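In the working numbering, the protein residues as written are 705 to 1110.
Note that CB positions come from ideal geometry on N, CA and C, so glycine has one too.
Here the structure is a predicted model, which is why all the values come from computation and not from measurement.
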(Lines of atoms letter the chains of each structure in order from A and count residues from 1; the text may use other names and numbers.)
(Lines give C-alpha, C1' and ligand atoms only; values in the text may rest on other atoms or scores of the structure.)
Protein backbone atom coordinates (compact mmCIF):
# COMPACT_ATOMS: atom_id res chain seq x y z
CA UNK A 1 0.00 0.00 0.00
CA UNK A 2 1.31 3.43 -0.89
CA UNK A 3 2.09 5.92 1.83
CA UNK A 4 1.89 9.71 1.79
CA UNK A 5 5.50 10.83 1.80
CA UNK A 6 7.45 13.96 2.43
CA UNK A 7 9.99 13.97 -0.40
CA UNK A 8 12.66 16.64 0.03
CA UNK A 9 15.15 16.74 -2.82
CA UNK A 10 18.87 17.41 -2.63
CA UNK A 11 19.82 20.30 -4.95
CA UNK A 12 22.49 18.13 -6.61
CA UNK A 13 19.87 15.51 -7.49
CA UNK A 14 17.60 18.23 -8.91
CA UNK A 15 20.46 19.69 -10.96
CA UNK A 16 21.39 16.26 -12.31
CA UNK A 17 17.76 15.53 -13.21
CA UNK A 18 17.46 18.86 -15.01
CA UNK A 19 20.69 18.18 -16.93
CA UNK A 20 19.50 14.73 -18.00
CA UNK A 21 16.11 16.17 -19.00
CA UNK A 22 17.81 18.80 -21.17
CA UNK A 23 20.17 16.33 -22.88
CA UNK A 24 17.39 13.86 -23.68
CA UNK A 25 15.14 16.70 -24.88
CA UNK A 26 17.74 18.04 -27.34
CA UNK A 27 18.78 14.60 -28.63
CA UNK A 28 15.17 13.52 -29.11
CA UNK A 29 14.39 16.81 -30.89
CA UNK A 30 17.10 16.16 -33.46
CA UNK A 31 15.82 12.61 -33.87
CA UNK A 32 12.28 13.85 -34.50
CA UNK A 33 13.62 16.39 -36.98
CA UNK A 34 15.48 13.72 -38.94
CA UNK A 35 12.35 11.57 -39.07
CA UNK A 36 9.88 14.32 -39.99
CA UNK A 37 11.76 17.20 -41.62
CA UNK A 38 9.43 17.25 -44.64
CA UNK A 39 6.17 16.98 -42.68
CA UNK A 40 4.28 19.49 -40.53
CA UNK A 41 3.43 17.39 -37.51
CA UNK A 42 0.77 19.46 -35.77
CA UNK A 43 -1.68 21.97 -37.20
CA UNK A 44 -2.36 23.37 -33.75
CA UNK A 45 1.31 23.98 -33.10
CA UNK A 46 1.72 25.63 -36.50
CA UNK A 47 -0.87 28.24 -35.47
CA UNK A 48 1.05 29.01 -32.27
CA UNK A 49 4.33 29.01 -34.15
CA UNK A 50 3.05 31.46 -36.77
CA UNK A 51 1.73 33.84 -34.10
CA UNK A 52 4.96 33.66 -32.09
CA UNK A 53 7.26 34.03 -35.11
CA UNK A 54 5.41 37.01 -36.62
CA UNK A 55 5.36 38.76 -33.24
CA UNK A 56 9.03 37.96 -32.64
CA UNK A 57 10.32 39.21 -35.99
CA UNK A 58 7.75 41.82 -37.08
CA UNK A 59 5.95 42.81 -33.89
CA UNK A 60 2.67 41.69 -35.48
CA UNK A 61 -0.28 41.37 -33.11
CA UNK A 62 -0.87 37.59 -32.78
CA UNK A 63 -4.65 38.13 -32.88
CA UNK A 64 -4.53 40.02 -36.19
CA UNK A 65 -6.10 38.83 -39.45
CA UNK A 66 -2.62 38.83 -40.98
CA UNK A 67 -1.43 36.13 -38.59
CA UNK A 68 -4.60 34.12 -39.14
CA UNK A 69 -4.20 34.27 -42.92
CA UNK A 70 -0.56 33.18 -42.72
CA UNK A 71 -1.57 30.20 -40.58
CA UNK A 72 -4.27 29.24 -43.07
CA UNK A 73 -1.85 29.41 -46.01
CA UNK A 74 0.73 27.37 -44.13
CA UNK A 75 -1.69 24.64 -43.01
CA UNK A 76 -4.29 24.26 -45.78
CA UNK A 77 -2.54 26.20 -48.56
CA UNK A 78 -5.38 28.68 -49.10
CA UNK A 79 -7.63 31.09 -47.16
CA UNK A 80 -10.18 29.21 -45.06
CA UNK A 81 -13.84 29.50 -46.00
CA UNK A 82 -16.19 31.06 -43.40
CA UNK A 83 -17.57 27.70 -42.26
CA UNK A 84 -14.11 26.18 -41.72
CA UNK A 85 -11.84 26.43 -38.69
CA UNK A 86 -10.12 29.79 -39.15
CA UNK A 87 -6.94 28.54 -37.42
CA UNK A 88 -6.67 31.79 -35.47
CA UNK A 89 -4.63 32.22 -32.29
CA UNK A 90 -7.25 32.28 -29.50
CA UNK A 91 -5.25 32.07 -26.26
CA UNK A 92 -4.08 34.59 -23.67
CA UNK A 93 -1.00 36.38 -24.99
CA UNK A 94 1.29 34.99 -22.30
CA UNK A 95 0.86 31.47 -23.71
CA UNK A 96 3.10 32.54 -26.59
CA UNK A 97 5.94 32.84 -24.07
CA UNK A 98 6.08 29.01 -24.25
CA UNK A 99 6.54 29.06 -28.02
CA UNK A 100 8.62 32.19 -28.61
CA UNK A 101 11.87 30.40 -27.60
CA UNK A 102 11.28 28.13 -30.63
CA UNK A 103 9.87 30.88 -32.85
CA UNK A 104 13.23 31.89 -34.29
CA UNK A 105 13.78 28.36 -35.59
CA UNK A 106 12.59 26.99 -38.92
CA UNK A 107 9.26 25.15 -38.52
CA UNK A 108 10.90 21.75 -39.03
CA UNK A 109 13.20 22.32 -36.06
CA UNK A 110 10.67 24.28 -34.04
CA UNK A 111 8.02 21.57 -34.16
CA UNK A 112 10.64 18.94 -33.32
CA UNK A 113 11.76 20.79 -30.19
CA UNK A 114 8.13 21.37 -29.12
CA UNK A 115 7.16 17.73 -29.60
CA UNK A 116 10.33 16.57 -27.87
CA UNK A 117 9.59 18.84 -24.91
CA UNK A 118 6.10 17.38 -24.62
CA UNK A 119 7.35 13.80 -24.88
CA UNK A 120 10.12 14.17 -22.30
CA UNK A 121 7.96 16.16 -19.89
CA UNK A 122 5.02 13.74 -20.11
CA UNK A 123 7.22 10.67 -19.68
CA UNK A 124 9.01 12.32 -16.75
CA UNK A 125 5.68 13.06 -15.06
CA UNK A 126 4.49 9.49 -15.63
CA UNK A 127 7.72 8.03 -14.21
CA UNK A 128 7.37 10.29 -11.18
CA UNK A 129 3.70 9.43 -10.72
CA UNK A 130 3.72 5.71 -11.57
CA UNK A 131 7.15 4.77 -10.20
CA UNK A 132 5.52 1.87 -8.31
CA UNK A 133 3.43 0.90 -11.36
CA UNK A 134 6.03 0.96 -14.13
CA UNK A 135 4.14 -1.44 -16.41
CA UNK A 136 1.42 1.19 -16.76
CA UNK A 137 3.72 3.89 -18.14
CA UNK A 138 3.71 2.44 -21.66
CA UNK A 139 -0.02 1.69 -21.56
CA UNK A 140 -0.68 5.22 -20.37
CA UNK A 141 0.76 6.63 -23.60
CA UNK A 142 -1.20 4.41 -25.98
CA UNK A 143 -4.69 5.91 -25.89
CA UNK A 144 -6.08 7.86 -28.84
CA UNK A 145 -6.37 11.22 -26.98
CA UNK A 146 -2.73 11.08 -25.88
CA UNK A 147 -1.30 10.07 -29.26
CA UNK A 148 -3.30 12.64 -31.21
CA UNK A 149 -2.79 15.33 -28.58
CA UNK A 150 0.96 14.85 -28.86
CA UNK A 151 1.01 15.04 -32.66
CA UNK A 152 -1.33 18.03 -32.89
CA UNK A 153 0.92 19.95 -30.51
CA UNK A 154 -1.93 21.72 -28.71
CA UNK A 155 -1.23 23.45 -25.39
CA UNK A 156 -3.76 21.08 -23.78
CA UNK A 157 -1.23 18.22 -23.83
CA UNK A 158 1.38 20.11 -21.82
CA UNK A 159 -1.18 21.67 -19.48
CA UNK A 160 -2.76 18.27 -18.86
CA UNK A 161 0.51 16.79 -17.68
CA UNK A 162 1.11 19.86 -15.51
CA UNK A 163 -2.25 19.17 -13.84
CA UNK A 164 -1.30 15.50 -13.40
CA UNK A 165 2.06 16.38 -11.83
CA UNK A 166 0.48 18.91 -9.47
CA UNK A 167 -2.36 16.63 -8.37
CA UNK A 168 0.04 13.78 -7.75
CA UNK A 169 2.20 16.03 -5.58
CA UNK A 170 -0.57 17.53 -3.46
CA UNK A 171 -2.62 14.33 -3.04
CA UNK A 172 0.00 11.59 -2.66
CA UNK A 173 2.93 13.58 -1.25
CA UNK A 174 3.73 16.42 1.11
CA UNK A 175 5.65 18.74 -1.22
CA UNK A 176 8.51 20.73 0.34
CA UNK A 177 8.59 24.52 0.07
CA UNK A 178 10.64 24.59 -3.14
CA UNK A 179 8.18 22.22 -4.84
CA UNK A 180 5.24 24.30 -3.63
CA UNK A 181 6.72 27.37 -5.34
CA UNK A 182 7.17 25.34 -8.52
CA UNK A 183 3.60 24.01 -8.34
CA UNK A 184 2.16 27.52 -8.04
CA UNK A 185 4.24 28.71 -11.00
CA UNK A 186 3.13 25.77 -13.16
CA UNK A 187 -0.51 26.26 -12.20
CA UNK A 188 -0.38 29.86 -13.43
CA UNK A 189 0.16 28.57 -16.97
CA UNK A 190 -2.98 26.44 -16.78
CA UNK A 191 -5.05 29.64 -16.75
CA UNK A 192 -4.11 29.95 -20.42
CA UNK A 193 -6.77 27.39 -21.40
CA UNK A 194 -9.61 28.10 -18.94
CA UNK A 195 -12.20 25.98 -20.74
CA UNK A 196 -10.01 22.95 -20.00
CA UNK A 197 -8.62 23.73 -16.56
CA UNK A 198 -10.94 26.11 -14.65
CA UNK A 199 -12.91 23.70 -12.48
CA UNK A 200 -10.07 21.33 -11.70
CA UNK A 201 -7.83 24.34 -10.97
CA UNK A 202 -10.35 25.55 -8.37
CA UNK A 203 -10.35 22.06 -6.85
CA UNK A 204 -6.55 21.99 -6.72
CA UNK A 205 -6.40 25.40 -5.03
CA UNK A 206 -9.00 24.25 -2.50
CA UNK A 207 -6.88 21.19 -1.67
CA UNK A 208 -3.88 23.48 -1.32
CA UNK A 209 -5.78 25.71 1.09
CA UNK A 210 -7.22 22.81 3.11
CA UNK A 211 -3.78 21.17 3.32
CA UNK A 212 -2.19 24.48 4.33
CA UNK A 213 0.07 24.62 1.29
CA UNK A 214 -0.07 28.39 1.37
CA UNK A 215 3.13 28.77 -0.64
CA UNK A 216 1.30 27.18 -3.58
CA UNK A 217 -1.41 29.81 -3.35
CA UNK A 218 1.11 32.64 -3.04
CA UNK A 219 3.22 31.35 -5.93
CA UNK A 220 0.15 30.88 -8.13
CA UNK A 221 -1.14 34.40 -7.44
CA UNK A 222 2.27 36.00 -7.94
CA UNK A 223 3.04 34.06 -11.12
CA UNK A 224 -0.39 34.84 -12.60
CA UNK A 225 0.04 38.55 -11.86
CA UNK A 226 3.51 38.57 -13.45
CA UNK A 227 2.39 36.74 -16.60
CA UNK A 228 -0.63 39.01 -16.99
CA UNK A 229 1.30 42.20 -16.28
CA UNK A 230 4.12 41.44 -18.71
CA UNK A 231 1.53 40.61 -21.36
CA UNK A 232 -0.24 43.93 -20.77
CA UNK A 233 3.04 45.80 -21.11
CA UNK A 234 3.71 44.16 -24.47
CA UNK A 235 0.14 44.27 -25.85
CA UNK A 236 -2.11 46.42 -23.62
CA UNK A 237 -5.31 45.47 -25.46
CA UNK A 238 -4.77 41.71 -25.48
CA UNK A 239 -7.57 40.76 -23.00
CA UNK A 240 -10.23 42.49 -25.13
CA UNK A 241 -8.90 41.13 -28.42
CA UNK A 242 -8.57 37.65 -26.91
CA UNK A 243 -12.22 37.63 -25.79
CA UNK A 244 -13.29 38.78 -29.23
CA UNK A 245 -11.24 35.98 -30.75
CA UNK A 246 -12.95 33.45 -28.48
CA UNK A 247 -16.38 34.68 -29.61
CA UNK A 248 -15.37 34.26 -33.25
CA UNK A 249 -13.94 30.82 -32.51
CA UNK A 250 -17.21 29.69 -30.92
CA UNK A 251 -19.14 30.83 -33.98
CA UNK A 252 -17.11 29.24 -36.77
CA UNK A 253 -16.58 26.04 -34.81
CA UNK A 254 -20.23 25.95 -33.70
CA UNK A 255 -19.18 25.44 -30.09
CA UNK A 256 -21.83 24.95 -27.42
CA UNK A 257 -21.50 24.88 -23.66
CA UNK A 258 -21.79 21.34 -22.32
CA UNK A 259 -21.19 20.13 -25.86
CA UNK A 260 -21.75 16.40 -25.36
CA UNK A 261 -25.14 16.69 -23.67
CA UNK A 262 -26.15 19.58 -25.91
CA UNK A 263 -25.64 17.29 -28.90
CA UNK A 264 -27.44 14.37 -27.29
CA UNK A 265 -30.37 16.52 -26.15
CA UNK A 266 -30.57 18.91 -29.08
CA UNK A 267 -34.08 19.92 -30.12
CA UNK A 268 -35.46 18.77 -26.76
CA UNK A 269 -36.79 20.78 -23.86
CA UNK A 270 -33.72 19.80 -21.80
CA UNK A 271 -31.11 21.29 -24.13
CA UNK A 272 -31.12 24.73 -22.49
CA UNK A 273 -30.86 23.51 -18.89
CA UNK A 274 -27.97 21.04 -19.23
CA UNK A 275 -25.22 23.57 -18.54
CA UNK A 276 -26.88 25.10 -15.41
CA UNK A 277 -27.54 21.61 -14.03
CA UNK A 278 -23.90 20.59 -14.47
CA UNK A 279 -22.74 23.82 -12.80
CA UNK A 280 -25.05 23.15 -9.84
CA UNK A 281 -23.77 19.55 -9.66
CA UNK A 282 -20.20 20.87 -9.57
CA UNK A 283 -20.91 23.32 -6.73
CA UNK A 284 -22.85 20.74 -4.70
CA UNK A 285 -20.04 18.22 -5.21
CA UNK A 286 -17.50 20.74 -3.92
CA UNK A 287 -19.59 21.16 -0.76
CA UNK A 288 -19.93 17.38 -0.28
CA UNK A 289 -16.17 16.91 -0.79
CA UNK A 290 -15.46 19.61 1.81
CA UNK A 291 -17.83 17.96 4.30
CA UNK A 292 -16.38 14.45 3.82
CA UNK A 293 -12.82 15.72 4.01
CA UNK A 294 -13.45 17.29 7.40
CA UNK A 295 -14.64 14.01 8.92
CA UNK A 296 -12.16 11.39 7.79
CA UNK A 297 -8.74 9.86 8.42
CA UNK A 298 -5.69 10.48 6.24
CA UNK A 299 -5.90 7.42 3.95
CA UNK A 300 -9.64 7.75 3.44
CA UNK A 301 -9.04 11.45 2.80
CA UNK A 302 -6.75 10.56 -0.12
CA UNK A 303 -9.47 8.29 -1.51
CA UNK A 304 -12.02 11.10 -1.37
CA UNK A 305 -9.58 13.52 -3.01
CA UNK A 306 -9.00 11.12 -5.92
CA UNK A 307 -12.67 10.17 -6.23
CA UNK A 308 -13.78 13.79 -6.43
CA UNK A 309 -10.83 14.71 -8.61
CA UNK A 310 -12.08 12.12 -11.12
CA UNK A 311 -15.59 13.46 -10.77
CA UNK A 312 -14.52 17.07 -11.37
CA UNK A 313 -12.32 16.05 -14.29
CA UNK A 314 -15.33 14.34 -15.85
CA UNK A 315 -17.58 17.32 -15.14
CA UNK A 316 -15.00 19.63 -16.69
CA UNK A 317 -15.08 17.57 -19.88
CA UNK A 318 -18.88 17.46 -19.92
CA UNK A 319 -19.05 21.24 -19.43
CA UNK A 320 -16.64 22.07 -22.24
CA UNK A 321 -17.85 23.65 -25.49
CA UNK A 322 -15.80 21.14 -27.50
CA UNK A 323 -14.31 17.74 -26.71
CA UNK A 324 -11.51 17.23 -29.22
CA UNK A 325 -8.87 14.56 -28.68
CA UNK A 326 -6.45 16.74 -26.73
CA UNK A 327 -9.22 17.95 -24.38
CA UNK A 328 -9.93 14.34 -23.44
CA UNK A 329 -6.62 14.28 -21.58
CA UNK A 330 -8.78 15.07 -18.54
CA UNK A 331 -10.00 11.45 -18.59
CA UNK A 332 -6.40 10.27 -18.79
CA UNK A 333 -5.40 12.30 -15.69
CA UNK A 334 -8.13 10.64 -13.64
CA UNK A 335 -7.12 7.18 -14.84
CA UNK A 336 -3.49 7.70 -13.85
CA UNK A 337 -4.38 9.01 -10.38
CA UNK A 338 -6.88 6.21 -9.81
CA UNK A 339 -4.40 3.58 -11.00
CA UNK A 340 -1.77 4.85 -8.59
CA UNK A 341 -4.21 4.63 -5.70
CA UNK A 342 -5.37 1.11 -6.63
CA UNK A 343 -1.77 -0.12 -7.07
CA UNK A 344 -3.01 -3.47 -8.35
CA UNK A 345 -1.96 -4.71 -11.80
CA UNK A 346 -4.80 -7.25 -11.91
CA UNK A 347 -7.24 -4.33 -11.90
CA UNK A 348 -5.36 -1.47 -13.53
CA UNK A 349 -3.96 -3.26 -16.62
CA UNK A 350 -7.40 -4.54 -17.77
CA UNK A 351 -8.84 -1.08 -17.13
CA UNK A 352 -6.16 0.62 -19.24
CA UNK A 353 -6.51 -1.97 -22.00
CA UNK A 354 -10.28 -1.43 -22.02
CA UNK A 355 -10.22 2.37 -22.19
CA UNK A 356 -7.29 2.52 -24.61
CA UNK A 357 -8.92 -0.04 -26.91
CA UNK A 358 -12.25 1.77 -26.65
CA UNK A 359 -10.63 5.06 -27.66
CA UNK A 360 -9.16 3.52 -30.83
CA UNK A 361 -12.30 1.54 -31.68
CA UNK A 362 -14.41 4.69 -31.53
CA UNK A 363 -11.79 6.54 -33.57
CA UNK A 364 -12.05 3.88 -36.28
CA UNK A 365 -15.84 3.79 -36.12
CA UNK A 366 -16.47 7.28 -37.47
CA UNK A 367 -20.00 8.51 -36.81
CA UNK A 368 -22.51 6.29 -35.07
CA UNK A 369 -26.20 7.20 -35.23
CA UNK A 370 -25.16 10.64 -36.42
CA UNK A 371 -22.89 11.19 -33.40
CA UNK A 372 -19.12 11.60 -33.51
CA UNK A 373 -17.55 8.51 -31.95
CA UNK A 374 -14.39 10.36 -30.91
CA UNK A 375 -15.91 13.65 -29.73
CA UNK A 376 -19.14 12.38 -28.17
CA UNK A 377 -19.34 8.63 -27.63
CA UNK A 378 -15.85 7.88 -26.26
CA UNK A 379 -15.61 10.88 -23.88
CA UNK A 380 -19.19 10.29 -22.71
CA UNK A 381 -18.59 6.61 -21.91
CA UNK A 382 -15.15 7.13 -20.35
CA UNK A 383 -16.04 10.21 -18.28
CA UNK A 384 -19.17 8.63 -16.79
CA UNK A 385 -18.00 5.05 -16.22
CA UNK A 386 -14.50 5.55 -14.77
CA UNK A 387 -15.43 7.58 -11.63
CA UNK A 388 -18.22 5.06 -10.95
CA UNK A 389 -15.91 2.08 -11.44
CA UNK A 390 -13.27 3.65 -9.19
CA UNK A 391 -15.85 4.11 -6.43
CA UNK A 392 -17.24 0.57 -6.78
CA UNK A 393 -13.78 -1.03 -6.79
CA UNK A 394 -12.82 0.76 -3.57
CA UNK A 395 -16.18 0.69 -1.82
CA UNK A 396 -15.64 -2.56 0.09
CA UNK A 397 -12.05 -1.74 1.06
CA UNK A 398 -13.08 1.72 2.21
CA UNK A 399 -15.88 0.30 4.37
CA UNK A 400 -13.49 -2.20 5.96
CA UNK A 401 -10.91 0.50 6.60
CA UNK A 402 -13.49 2.72 8.29
CA UNK A 403 -14.73 -0.18 10.39
CA UNK A 404 -11.21 -1.00 11.55
CA UNK A 405 -10.83 2.54 12.95
CA UNK A 406 -14.14 2.71 14.84
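Return the CA-CA distance between residue i and residue j, expressed in angstroms with no decimal places.
{"i": "residue 1004", "j": "residue 808", "result": "50 angstroms"}
{"i": "residue 992", "j": "residue 986", "result": "10 angstroms"}
{"i": "residue 753", "j": "residue 789", "result": "17 angstroms"}
{"i": "residue 784", "j": "residue 776", "result": "6 angstroms"}
{"i": "residue 844", "j": "residue 838", "result": "10 angstroms"}
{"i": "residue 1053", "j": "residue 830", "result": "15 angstroms"}
{"i": "residue 1108", "j": "residue 1098", "result": "With a pLDDT of 44 at residue 1108, under the threshold of 50, the modelled position of that residue is not reliable, and no figure is offered here."}
{"i": "residue 1083", "j": "residue 727", "result": "36 angstroms"}
{"i": "residue 961", "j": "residue 977", "result": "11 angstroms"}
{"i": "residue 990", "j": "residue 724", "result": "40 angstroms"}
{"i": "residue 840", "j": "residue 873", "result": "19 angstroms"}
{"i": "residue 1064", "j": "residue 1030", "result": "14 angstroms"}
{"i": "residue 1057", "j": "residue 782", "result": "41 angstroms"}
{"i": "residue 720", "j": "residue 832", "result": "15 angstroms"}
{"i": "residue 851", "j": "residue 957", "result": "23 angstroms"}
In three-state terms, what does DSSP make of residue i?
{"i": "residue 877", "result": "strand"}
{"i": "residue 769", "result": "helix"}
{"i": "residue 916", "result": "coil"}
{"i": "residue 763", "result": "coil"}
{"i": "residue 1049", "result": "helix"}
{"i": "residue 1097", "result": "helix"}
{"i": "residue 782", "result": "coil"}
{"i": "residue 1089", "result": "helix"}
{"i": "residue 857", "result": "coil"}
{"i": "residue 1014", "result": "helix"}
{"i": "residue 939", "result": "coil"}
{"i": "residue 807", "result": "helix"}
{"i": "residue 789", "result": "coil"}
{"i": "residue 898", "result": "helix"}
{"i": "residue 838", "result": "coil"}
{"i": "residue 1083", "result": "helix"}
{"i": "residue 1105", "result": "Bear in mind that a pLDDT of 48 at residue 1105, under 50, signals an unreliable position, so the number given afterwards is only what the model happens to contain. Three-state DSSP puts residue 1105 in a helix."}
{"i": "residue 974", "result": "coil"}
{"i": "residue 928", "result": "helix"}
Can you tell me which of the options puts its alpha carbon nearest to the alpha carbon of residue i?
{"i": "residue 880", "options": "797, 1072, 717 and 920", "result": "920"}
{"i": "residue 821", "options": "894, 740, 806 and 750", "result": "806"}
{"i": "residue 1091", "options": "767, 1065 and 1021", "result": "1021"}
{"i": "residue 1047", "options": "1019, 928, 1094 and 761", "result": "1094"}
{"i": "residue 733", "options": "812, 950, 1081 and 787", "result": "812"}
{"i": "residue 926", "options": "954, 899, 885 and 1062", "result": "885"}
{"i": "residue 824", "options": "729, 1089 and 1024", "result": "729"}
{"i": "residue 818", "options": "736, 1033 and 943", "result": "736"}
{"i": "residue 954", "options": "786, 836 and 774", "result": "786"}
{"i": "residue 1096", "options": "1072, 997 and 1051", "result": "1051"}
{"i": "residue 1085", "options": "934, 1032 and 1044", "result": "1032"}
{"i": "residue 861", "options": "846, 826, 763 and 1079", "result": "826"}
{"i": "residue 876", "options": "1009, 744 and 934", "result": "1009"}
{"i": "residue 912", "options": "940, 937 and 878", "result": "878"}
{"i": "residue 883", "options": "751, 918, 906 and 847", "result": "918"}
{"i": "residue 983", "options": "1016, 856, 1036 and 719", "result": "1016"}
Identify every residue that forms a DSSP beta bridge with residue i.
{"i": "residue 748", "result": "DSSP output for residue 748 lists no bridge partner at all."}
{"i": "residue 1071", "result": "1076"}
May I ask you to check if the CB of residue i is nearer than 7 angstroms to at least one heavy atom of the ligand MG?
{"i": "residue 812", "result": "Within the structure as shown, the ligand MG is missing, as the structure has no ligands at all."}
Could you tell me the boundaries of the alpha helix (DSSP H) in which residue i lies?
{"i": "residue 822", "result": "811-833"}
{"i": "residue 956", "result": "942-956"}
{"i": "residue 993", "result": "978-998"}
{"i": "residue 1029", "result": "Looking at the DSSP string, residue 1029 is not in any alpha helix (DSSP H), and its letter there is neither H nor E."}
{"i": "residue 968", "result": "963-968"}
Please confirm whether residue i has its beta-carbon closer than 8 angstroms to some beta-carbon of chain B.
{"i": "residue 748", "result": "Here chain B cannot be found, since the structure has a single protein chain."}
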